[in-house]
Amino acid sequence: MNNIPFPVIVAVLFFLGADLVLYLHHRHQKRQRALPEQNDYMRDHGQHAPACIACGATELDEAGCCHATDTRRIVRCATCRTMLFQFQRPEVVSPD
Ligand SMILES: [Zn+2]
């Protein structure tokens with residue numbers, strides 16, 4: 787009944803798993819890049835200070851879009867983890 791060699795099954799499962807991981811990563815990156823800028827977010831929701839639209843919390847976390855030190859910052863609610871907006875952190879110019 788099962789005449790497919792075991793290493794072939796392992797290889798196919800590996801590539802399908804890798805494809806799934808890449809798909810989920812690209813979908814997450816696309817959602818991050820589609821977030822509104824901070825000023826647009828605050829204007830659209832009538833806020834003077836940024837707050838979560840899902841739960842109302844004012845404690846927010848930020849992280850880099852592509853990597854930890856990316857100047858494109860993604861802001862999430864610290865309570866419910868909803869992605870809220872993005873902003874561009876100014877480049878730090880090293881004195882040399
Ligand atoms: Zn929230």
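Residue numbers for the sequence shown follow the numbering used here, beginning at 787 and rising by one. Glycine included, C-beta positions come from ideal geometry on N, C-alpha and C.
Residue 850 carries a strand assignment under DSSP once its states are collapsed to helix, strand and coil.
Here residue 838 is buried. Its C-beta has 16 or more other C-beta atoms within 10 Å. Per DSSP, reduced to three states, the secondary structure at residue 810 is helical. Residues 847 and 869 of the same chain have their beta carbon placed closer than 6 Å to that of residue 862, with the five preceding and five following residues left out of the count. For residue 872, the enclosing beta strand (DSSP E) has its first and last residue at 869-874.
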